[in-house]
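The opening residue of the sequence shown carries number -15 in this note's numbering; numbering runs sequentially from there. See structure below.
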Amino acid sequence: MDSKTVVDASLARLDTLLAEDYGAKGQGLADRIRGLTAVLPADTRKRLLDLVAQGESLARTGAGERALAEFVFDCGVAYERVDFLRKAQLAEDLGLVGMNGLPPAELERSDLDAMARFIAARDRLVAKVASFTLKALAVMGALFVIGLVFGVV
């Protein structure tokens, strides 16, 4: 397998995680990582940016199997760390606290994934409604100004 193919596949998995779970936007993976300053800790962002730079270097130089294997492993570790951070943030957002002094029940991974998908869908819906509302207000404001200019209002 070509080193560029391996690097691209490893980074694509991280890119997909950041795009789907965090809604990262940008031209490249590095830009998307930099755009997540509010949600990812600095050390995690730095590690991800280092992985992107290392991947570009490995793809250019055509690294050996050992270097590629270490890179893929490091990408897997970073993926798990970012996934864990997202689930921890989700649990915190959901307010999973114990009642009556009992510790909170652990949720299954599938339950957390379902809640994460629901919250992401809810956030997208709220963003679309807000965007539509802003456009509607802008059109109404423009019609009001036109009405004032022509003396209709």
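The beta-carbon is built from N, C-alpha and C at its ideal position, and this holds for glycine as well.
Next item on the list: Check the C-beta distance from V(-9) over to A43 and give it rounded, since I have them as a contact under 8 Å.
Entry: In the sequence shown, residue -9 corresponds to position 7, counting from 1. In the sequence shown, residue 43 corresponds to position 59, counting from 1. That pair is a contact at about 5 Å.
Check: Can you list, in chain order, the residues of its chain whose CB lies under 6 Å from that of R70, leaving out five sequence neighbours each side?
Finding: Residue mapping note: residue 70 aligns to position 86 of the sequence shown, counting from 1. So the qualifying residues of the chain are D5.
Notebook entry, point to check: So, A(-4) versus L2, is the Cβ gap smaller than 8 Å?
Noted result: Here residue -4 refers to the residue found at position 12 when the sequence shown is read from its first residue. Here residue 2 refers to the residue found at position 18 when the sequence shown is read from its first residue. Not in contact: A(-4) and L2 (Cβ atoms no closer than 8 Å).
Check: Is A39 buried or exposed, if buried means 16 or more other CB atoms sit within 10 Å of its CB?
Finding: Here residue 39 corresponds to residue number 55 of the sequence shown, with the count starting at 1. One point to set straight first is that residue 39 is Gly, not Ala, in the sequence displayed. The residue in question, G39, is buried, as its Cβ has 16 or more Cβ neighbours within 10 Å.
Margin query: For Q38, report the span of its alpha helix (DSSP H) as first-last.
Written below: The sequence position of residue 38 within the sequence shown is 54, counting from 1. Its alpha helix (DSSP H) spans residues A26 to T45.
Check: Can you tell which of D107, R106, L74 and R108 has its C-alpha closest to the C-alpha of D93?
Finding: Taking the sequence shown and counting its residues from 1, the one referred to as residue 93 is at position 109. The sequence given here has Arg at residue 93, not Asp. The shortest C-alpha separation from R93 is found at L74.
Notebook entry, point to check: Which value, in whole angstroms, describes the spacing of the CA atoms of T117 and M124?
Noted result: If you number the sequence shown from 1, residue 117 lands on position 133. If you number the sequence shown from 1, residue 124 lands on position 140. When rounded, the distance between both Cα atoms is 10 Å.
Note to self: Could you check whether D(-1) and R16 sit closer than 8 Å to each other, using their CB atoms as the reference points?
What the structure shows: Position 32 of the sequence shown, counted from the start, is the residue given in the question as residue 16. Position 15 of the sequence shown, counted from the start, is the residue given in the question as residue -1. Yes; because the gap between Cβ atoms is below 8 Å, this pair is in contact.
Next item on the list: Rounded to whole angstroms, what's the CA-CA distance from G12 to A100? Just pull it up for me.
Entry: Sequence index remark: in the sequence shown, residue 12 carries index 28 (1-based). Sequence index remark: in the sequence shown, residue 100 carries index 116 (1-based). Straight through space, the alpha carbons of A100 and G12 are spaced by roughly 24 Å.
Note to self: Let me confirm a value: A62 is counted as buried when at least 16 other C-beta atoms fall within 10 Å, else exposed. Which label applies?
What the structure shows: By one-based count along the sequence shown, residue 62 stands at place 78. Buried, because 16 or more other Cβ atoms sit within 10 Å of the Cβ of A62.
Check: Can you round the beta-carbon distance between S(-6) and F55 to whole angstroms, since I take them to be within the 8 Å contact cut?
Finding: In the sequence shown, the residue the question calls residue -6 occupies position 10. In the sequence shown, the residue the question calls residue 55 occupies position 71. Correct: roughly 7 Å between the Cβ atoms.
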